[in-house]
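The next block holds one structure in the form of structure tokens; read it before the comments.
Next comes the structure, spelled out in structure tokens:
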């Protein structure tokens with residue numbers, strides 16, 4: 001099973017729709033019929049993501065969100081709204097929600113927004129534990145695969161600050177520049193990696209491949225340096 005999600009909505013059909021879509025996607029799903037019930041479940045166990053209806057009898061979504069913020073409950077809230085305007089939904093972001101979902105919605109929209117929030121949650125947790133050169137390189141590779149190049153560059157800069165003698169950051173920078181169609185910059189980075197370590201195979205592989213195939217880049221043929229080199 002994937003991570004757990006709590007659905008807080010007074011409408012049975014909405015709860016069922018959300019639960020069905022997320023369960024099929026592999027998530028473990030809890031449901032609550034109102035804000036009070038939802039808060040009780042959050043206090044009883046750790047649930048990383050909450051899908052929260054804005055309009056409910058008793059404690060509404062806004063009050064629920066305020067309670068979560070004031071009590072410093074560690075969860076990410078996605079607000080569900082079928083009422084009011086986009087401005088109203090955006091206002092909930094200022095109160096601490098991480099995103100919002102407007103009714104009516106499709107199952108793929110639900111899954112996409114939940115996956116995105118979990119990815120952000122996991123990235124934040126990973127970064128809190130980052131200490132080593134290898135950690136920064138791993139985060140950079142993850143960011144490259146998601147085409148978040150600014151984040152990848154930030155992680156590579158951190159890696160270089162930890163150890164400026166390693167070729168890996170320059171090899172990965174070369175890959176980023178290739179993906180951005182900046183061939184000259186890519187080749188400079190691969191050469192910089194080889195200047196630090198002339199025997200570094202990933203940079204050698206990439207500089208040969210890049211020289212032969214100008215234009216589009218196939219990530220399946222790129223050497224990210226995942227295989228450990230033999231001494």
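Residue numbers (the numbering used here): 1 to 231.
From the three backbone atoms N, C-alpha and C, an ideal C-beta is built for every residue, glycine too.
Proximity winner among the options, relative to residue i (alpha-carbon distances)
i	options	result
residue 9	55, 195 and 201	55
residue 164	187, 141, 134 and 180	134
residue 186	169, 12, 197 and 23	169
residue 92	122, 47, 225 and 67	67
residue 38	20, 50 and 141	50
residue 114	224, 13 and 22	22
residue 25	13, 3 and 34	3
residue 45	14, 5 and 77	5
residue 161	174, 182 and 137	137
residue 102	79, 94 and 96	79
residue 108	210, 17 and 12	17
residue 70	179, 96 and 81	96
residue 52	43, 76 and 141	76
residue 100	73, 65 and 72	65
residue 180	150, 131, 208 and 159	150
residue 82	182, 208, 191 and 11	11
residue 211	224, 159, 182 and 94	182
residue 224	159, 122, 36 and 171	171
residue 112	198, 157, 191 and 27	27
residue 119	98, 132 and 94	98
residue 131	72, 73, 158 and 43	158
Which residues DSSP lists as bridging residue i, in chain order
i	result
residue 32	8
residue 117	Looking at the DSSP assignment, residue 117 forms no beta bridge with any residue, so it has no partner.
residue 222	Partner(s): none; residue 222 has no beta bridge.
Whole-angstrom C-beta distance between residue j and residue i, which should lie under 8 Å
i	j	result
residue 166	residue 196	7 Å
residue 193	residue 203	4 Å
residue 200	residue 189	At roughly 12 Å, the Cβ-Cβ gap does not stay under 8 Å, so residue 200 and residue 189 are not in contact.
residue 32	residue 41	6 Å
residue 7	residue 29	6 Å
residue 139	residue 155	5 Å
residue 34	residue 57	7 Å
residue 142	residue 175	So it is not a contact: roughly 13 Å between Cβ atoms.
Open item on the list: Please give me, in chain order, every unbroken run of the alpha helix (DSSP H) with length at least 4 that falls completely inside the segment 52-115.
Closed with: 61-70 and 86-94
TODO: Output the residue ranges of the alpha helix (DSSP H) runs that lie fully inside the segment 133-168 and measure 4 residues or longer, sorted by chain position.
DONE: 133-145 and 149-162
- [ ] Check whether the segment 144-160 touches the segment 51-66, taking contact to mean three or more Cβ pairs, one atom from each stretch, closer than 8 Å.
- [x] no
Open item on the list: To test your reading of the DSSP string, which unbroken alpha helix (DSSP H) runs of 4 or more residues are found completely within the segment 163-210?
Closed with: 168-179 and 183-196
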